[in-house]
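Residues 2 to 597 (our numbering) are what the sequence shown spells out, left to right. Just so you know, even glycine gets a beta-carbon here, dropped at the ideal spot from N, CA and C. For reference, the structure is listed below as structure tokens.
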Amino acid sequence: MKTASISVVFLFLTLAPSLSAQPIDVTQKLAGFDDYMAKTLKDWNAPGVGVGIVVNDKLVFAKGYGFRDYEKKLPYTPGTMSPIASNTKLFTAIAAGMLVEEGKLSWDKPVRESVPGIRFFNDQLNTTVTLRDMLSHRTGITRHDTIWYKSDFTRKQLFEKLVYLEPQEPMRQTFLYNNLMFAAAGYLIELQSGKTWEEFVKERILIPLKMDSTSYSIADMLKRPEFGVGFTERRDSFEIYRIPYYEDISGVAPCGAIVSNIEDISHWLIALMNQGKYDGKQVLPAEVLKATLQPAIALPNTALETRGWSEVLNAAYGMGRETASYRGHLITFHGGDLPGFHTQISFMPQDHIGIIVFEIGNHSQPLYNIVSYNVYERLLGMDQTPWSERQLEIRLKNKKADTEARTKAGEGRISGTKPSHNLADYAAVYENPAYGAMTIGLKDNQLQFDFHKMRFPMTHFHYDRFDTPDDEQDGKWSVNFRTNPQGDIDNAVMSLDEAEAVFVRKPDTIDPKLMSQLAGAYQTPGGVNVQIALSADGKLSLVLPGQPGIPLTQSKGLTFRNPRFSDLTFEFVVQDGQVKGLKQKDPSGELTFPRK
Numbered sequence: 002m003k004t005a006s007i008s009v010v011f012l013f014l015t016l017a018p019s020l021s022a023q024p025i026d027v028t029q030k031l032a033g034f035d036d037y038m039a040k041t042l043k044d045w046n047a048p049g050v051g052v053g054i055v056v057n058d059k060l061v062f063a064k065g066y067g068f069r070d071y072e073k074k075l076p077y078t079p080g081t082m083s084p085i086a087s088n089t090k091l092f093t094a095i096a097a098g099m100l101v102e103e104g105k106l107s108w109d110k111p112v113r114e115s116v117p118g119i120r121f122f123n124d125q126l127n128t129t130v131t132l133r134d135m136l137s138h139r140t141g142i143t144r145h146d147t148i149w150y151k152s153d154f155t156r157k158q159l160f161e162k163l164v165y166l167e168p169q170e171p172m173r174q175t176f177l178y179n180n181l182m183f184a185a186a187g188y189l190i191e192l193q194s195g196k197t198w199e200e201f202v203k204e205r206i207l208i209p210l211k212m213d214s215t216s217y218s219i220a221d222m223l224k225r226p227e228f229g230v231g232f233t234e235r236r237d238s239f240e241i242y243r244i245p246y247y248e249d250i251s252g253v254a255p256c257g258a259i260v261s262n263i264e265d266i267s268h269w270l271i272a273l274m275n276q277g278k279y280d281g282k283q284v285l286p287a288e289v290l291k292a293t294l295q296p297a298i299a300l301p302n303t304a305l306e307t308r309g310w311s312e313v314l315n316a317a318y319g320m321g322r323e324t325a326s327y328r329g330h331l332i333t334f335h336g337g338d339l340p341g342f343h344t345q346i347s348f349m350p351q352d353h354i355g356i357i358v359f360e361i362g363n364h365s366q367p368l369y370n371i372v373s374y375n376v377y378e379r380l381l382g383m384d385q386t387p388w389s390e391r392q393l394e395i396r397l398k399n400k401k402a403d404t405e406a407r408t409k410a411g412e413g414r415i416s417g418t419k420p421s422h423n424l425a426d427y428a429a430v431y432e433n434p435a436y437g438a439m440t441i442g443l444k445d446n447q448l449q450f451d452f453h454k455m456r457f458p459m460t461h462f463h464y465d466r467f468d469t470p471d472d473e474q475d476g477k478w479s480v481n482f483r484t485n486p487q488g489d490i491d492n493a494v495m496s497l498d499e500a501e502a503v504f505v506r507k508p509d510t511i512d513p514k515l516m517s518q519l520a521g522a523y524q525t526p527g528g529v530n531v532q533i534a535l536s537a538d539g540k541l542s543l544v545l546p547g548q549p550g551i552p553l554t555q556s557k558g559l560t561f562r563n564p565r566f567s568d569l570t571f572e573f574v575v576q577d578g579q580v581k582g583l584k585q586k587d588p589s590g591e592l593t594f595p596r597k
């Protein structure tokens, strides 16, 4: 009996893969799907959607619904080019995996062992963070997307900003999505391969998969015969309007720059579904695909806990993709979102079915899940979950609530207040080491906000807070200026991403020749000589006899302070181009140290 049982089990295991890979009559299974899509696009006010289905190793269905250009009424087709946004991440993870196989990177050893130049916020991260941590969003460091959004930072500059990103959670305990980690992984690929991320991915993935239409930029996309045009719905109405392409993607290209279409992406999906093989050739390493699929960090069952929806359970993030159980079937997937364009690439490994959904319209972004789930249920012979109805109800409630909320903006304003300074005193460049520069200008007696190519006039809200208009695309920006003990506006604070960011006023430029003259000996009233030292990088420090140097940071003009005490300053006295002395000021008084 025992032997017979083992034989039966063995027979089942050997037959199971072939049974699950039996051909599916897609035409029969999709009966009524066109009508479903027509109704769904109407219900969601969606400009256009493209759908592709891969079964086993073939693209068996590819069709567009609605328009790739809503204004010109040009139909959406399987050849319509579109940014795939974060679906780029799996390309990056697999490219990095190729270098793991070559011994140039490691999944689970600290990244610093392979690339000593990488620097994180603290020593604990420096000695611990692995490539798997970076690619599975489990470093404990949150998004900080405003660092790269609409910025001109290069990939190298973004890589160097990792040191300023303070973790919010302990490592490997919380899923915190982080695009900058994928940008950094792309730079690791460049450092370890000698080729840019773009060159490496093209040579090792795109060309072997015959993804001839796929590129990395909107400029290249617009050269193709068919391309999508971004349209979305206005916040407070149902009007569809055109929005600009998001093109500032070069710095973070490894997390979201690829532009493709359903036809090309089907080649990628076929390789993913067939252990890396495409057109009879091993293009993607099977072990690397397996590694990216392995769960690295669990995600909560939020939909079950908040709404009682149990179709998608026990999701986990691997590297560049998620896995979950969809009504008992293993599914792996990832979404991609950039202004105007949204994509989903997914497949069920045991069922040999893969779905590609491209969609235009920020307001209808949930459709890539809704349509994917509906197709899976049809092909698997399941009853259809009312995903569209569920999500549409949420969308409309949220839209109404957001519109009502905007009518209450400013209710906390304290009337009768005025700025503490003349408007000209606020105009300056303010800098944050991670986010870069924010420029506050003055034009026609009104402050002007300029940050990452977002330029708006500012109006006084109350006290030292100034706000921009609430822009349809870029939202509302609120800046609170702070005054130091000397009465100067010295920094500005904005709520960015998941925390407050402090921007320090950039001080006046000091002529290098004068800066060198500031260095030297000064005598205290008690006759002790103190030194002002100038480092090779142009930084001043105060050196007391027998004590380590105290760094000095420029506050305003020739006034400097010890960073640890905001109410203590050192002001150099210059007469007729000559440095005569140094004044120490604090709340208790003022001392003058003559130059020796």
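(1) DSSP three-state label for residue 226, please.
(2) Within 8 Å, do at least three Cβ pairs link the region 67–83 to the region 391–403?
(3) Please go through the region 114–155 and give each complete alpha helix (DSSP H) segment of 4 or more residues, from N-terminal end onward.
(4) Should the region 427–434 be called in touch with the region 377–392, which here means at least 3 C-beta pairs below 8 Å?
(5) For the candidate residues 164, 111, 266 and 233, whose alpha-carbon lies nearest to that of residue 88?
(6) Report the partner residues of residue 587 according to the DSSP bridge assignment.
(7) In whole angstroms, what separates the C-alpha of residue 124 from that of residue 317?
(8) Consult DSSP for residue 1 and reduce its assignment to one of helix, strand or coil.
(9) Can you check DSSP and say which residues form a bridge with residue 241?
(10) Return the residue from the list 456, 487 and 157 that minimises the CA-CA distance to residue 472.
(11) Could you check where the beta strand (DSSP E) with residue 481 kicks off and where it finishes?
(12) Among 255, 441, 366 and 361, whose alpha-carbon lies nearest the alpha-carbon of residue 90?
(13) Are residue 172 and residue 128 close, meaning C-beta to C-beta below 8 Å?
(14) In chain order, what residues of the same chain lie with their CB nearer than 8 Å to the CB of residue 155, ignoring the 5 residues before and after it?
(15) Could you pull the start and end residues of the alpha helix (DSSP H) that residue 352 belongs to?
(16) With DSSP as the reference, identify every bridge partner of residue 506, one or two as the case may be.
(17) What separation, rounded to the nearest whole angstrom, lies between the Cα atoms of residue 515 and residue 596?
(18) Under the DSSP definition of a beta bridge, which residues are partnered with residue 500?
(19) What residue from 153, 351, 541 and 529 has the CA that sits closest to residue 454's CA?
(20) For residue 565, count neighbouring Cβ atoms within 10 angstroms of its own Cβ and tell me buried if that reaches 16, exposed if not.
(21) How about residue 488: is its Cβ closer than 7 Å to a heavy atom in the ligand PLP?
(22) From this set, 434, 426, 28 and 145, which residue's C-alpha is nearest residue 448's C-alpha?
(23) Only counting the same chain, and skipping five residues up and downstream in sequence, which positions put a Cβ closer than 7 Å to that of residue 147?
(24) What residues match up with residue 56 in a beta bridge as DSSP calls it?
(25) Going by C-alpha to C-alpha distance, which of 151, 298, 73 and 55 sits closest to residue 474?
(26) Taking 8 Å as the threshold (C-beta atoms), are residue 340 and residue 217 in contact?
(27) So, helix, strand or coil for residue 580, using DSSP?
(28) Note down the Cα distance separating residue 367 from residue 103, rounded to an integer number of angstroms.
(29) Hey, quick one: how far does the beta strand (DSSP E) through residue 325 stretch, first residue to last?
(30) Taking only the alpha-carbon atoms, compute the straight-line gap between residue 208 and residue 376 and give it to the nearest angstrom.
(31) With H, G and I counted as helix, E and B as strand and the rest as coil, what does DSSP make of residue 176?
(32) Based on the DSSP output, what are the partners of residue 338 in its beta bridges?
(33) When the Cα atoms are used, what is the spatial distance from residue 178 to residue 143?
(34) Where does the unbroken beta strand (DSSP E) through residue 541 begin, and where does it stop?
(35) By alpha-carbon positions, which one of 578, 192, 555 and 579 ends up nearest to residue 572?
(36) With distances taken from CA atoms, which of 362, 583, 71 and 578 is nearest residue 235?
Per the coordinate set shown:
(1) Here residue 226 corresponds to residue number 225 of the sequence shown, with the count starting at 1. Note: residue 226 maps to coil in three-state DSSP.
(2) Not touching, per the Cβ criterion.
(3) Within the region 114–155, the complete alpha helix (DSSP H) runs of at least 4 residues are 124–127 and 132–136.
(4) Cβ pair count under 8 Å is below three, so no.
(5) By 1-based counting over the sequence shown, the position of residue 88 is 87. Relative to the Cα of residue 88, the nearest Cα in the group 164, 111, 266 and 233 belongs to 266.
(6) Translated into the one-based positions of the sequence shown, residue 587 becomes position 586. 590, per the DSSP bridge assignment.
(7) Position 123 of the sequence shown holds residue 124. Position 316 of the sequence shown holds residue 317. For the pair residue 124 and residue 317, the Cα-to-Cα distance works out to about 28 Å.
(8) Past the boundaries of the shown model lies residue 1; the chain is included only from 2 to 597, so the question cannot be answered.
(9) Counted from its first residue, the sequence shown places residue 241 at position 240. According to the DSSP secondary-structure assignment, residue 241 is paired through a beta bridge with 234.
(10) Your numbering for residue 472 matches position 471 in the sequence shown. It is 456.
(11) The count along the sequence shown starts at 1 and reaches residue 481 at position 480. It spans 479–484 - the beta strand (DSSP E) in which residue 481 sits, taken as one unbroken run.
(12) For the purposes of this step, residue 90 is taken as residue 89 along the sequence shown, with counting starting at 1. Measuring from the Cα of residue 90, the nearest candidate turns out to be 255.
(13) Counting from one through the sequence shown, the residue named residue 172 turns up at place 171. Counting from one through the sequence shown, the residue named residue 128 turns up at place 127. For the 8 Å CB-CB criterion, residue 172 and residue 128 do not form a contact.
(14) Locating residue 155 in the sequence shown gives position 154, where the first residue counts as 1. For residue 155, where only same-chain residues beyond five positions count, the Cβ hits under 8 Å are 251 and 252.
(15) The residue labelled residue 352 in the question sits at position 351 within the sequence shown. Looking at the DSSP string, residue 352 is not in any alpha helix (DSSP H), and its letter there is neither H nor E.
(16) Within the sequence shown, numbered from 1, the residue matching residue 506 stands at position 505. According to DSSP, residue 506 bridges with 431.
(17) Here residue 515 is taken as the residue at index 514 of the sequence shown, counted from 1. Here residue 596 is taken as the residue at index 595 of the sequence shown, counted from 1. Residue 515 and residue 596: Cα-Cα distance of roughly 14 Å.
(18) On the sequence shown, residue 500 is found 499 positions in, with the first residue counted as 1. Note: residue 500 sits in a beta bridge opposite 497.
(19) Start at 1 with the first residue of the sequence shown, and residue 454 comes out as number 453. Residue nearest to residue 454 within the set 153, 351, 541 and 529 is 153 (criterion: CA-CA distance).
(20) Along the sequence shown, read from residue 1 onward, the residue named residue 565 stands at position 564. Flag for residue 565 reads exposed.
(21) With respect to small molecules bound, the structure shown includes none, and the ligand PLP cannot be examined in it.
(22) The residue you call residue 448 lines up with position 447 of the sequence shown. For residue 448, the closest of 434, 426, 28 and 145 by C-alpha to C-alpha distance is 426.
(23) Locating residue 147 in the sequence shown gives position 146, counting from the first residue. Hits under 7 Å: 436, 497 and 498.
(24) One-based indexing of the sequence shown puts residue 56 at position 55. Residue pairing by DSSP places residue 56 opposite 59 and 354 in a beta bridge.
(25) As a first step, residue 474 must be located in the sequence shown, where it is residue number 473. Proximity to residue 474 across 151, 298, 73 and 55 peaks at 151, based on C-alpha coordinates.
(26) Here residue 217 is taken as the residue at index 216 of the sequence shown, counted from 1. Here residue 340 is taken as the residue at index 339 of the sequence shown, counted from 1. No. Outside cutoff.
(27) Looking up residue 580 in the sequence shown gives position 579. Residue 580 falls in the strand class under three-state DSSP.
(28) Taking the first residue of the sequence shown as 1, we reach residue 367 at position 366. Taking the first residue of the sequence shown as 1, we reach residue 103 at position 102. Spanning the two alpha carbons is a distance of roughly 39 Å.
(29) Along the sequence shown, read from residue 1 onward, the residue named residue 325 stands at position 324. Boundaries of the beta strand (DSSP E) around residue 325: 323–327.
(30) The residue given as residue 208 occupies position 207 in the sequence shown. The residue given as residue 376 occupies position 375 in the sequence shown. Taking the straight line from one Cα to the other gives about 30 Å.
(31) As a position in the sequence shown, residue 176 is number 175, starting the count at 1. Of the three classes helix, strand and coil, the one that applies to residue 176 here is coil, per DSSP.
(32) Counting from 1 along the sequence shown, the entry for residue 338 is found at position 337. 343.
(33) Indexing the sequence shown from 1 puts residue 178 at position 177. Indexing the sequence shown from 1 puts residue 143 at position 142. Rounded to whole angstroms, residue 178 to residue 143 spans 6 Å at the Cα level.
(34) Stepping through the sequence shown from its first residue, residue 541 is reached at position 540. Unbroken beta strand (DSSP E) run through residue 541: 541–544.
(35) Position 571 of the sequence shown, counting from 1, holds the residue named residue 572. Per the Cα distances, 555.
(36) As a working mapping, residue 235 is identified with position 234 in the sequence shown. For residue 235, the nearest C-alpha among the options comes from 362.
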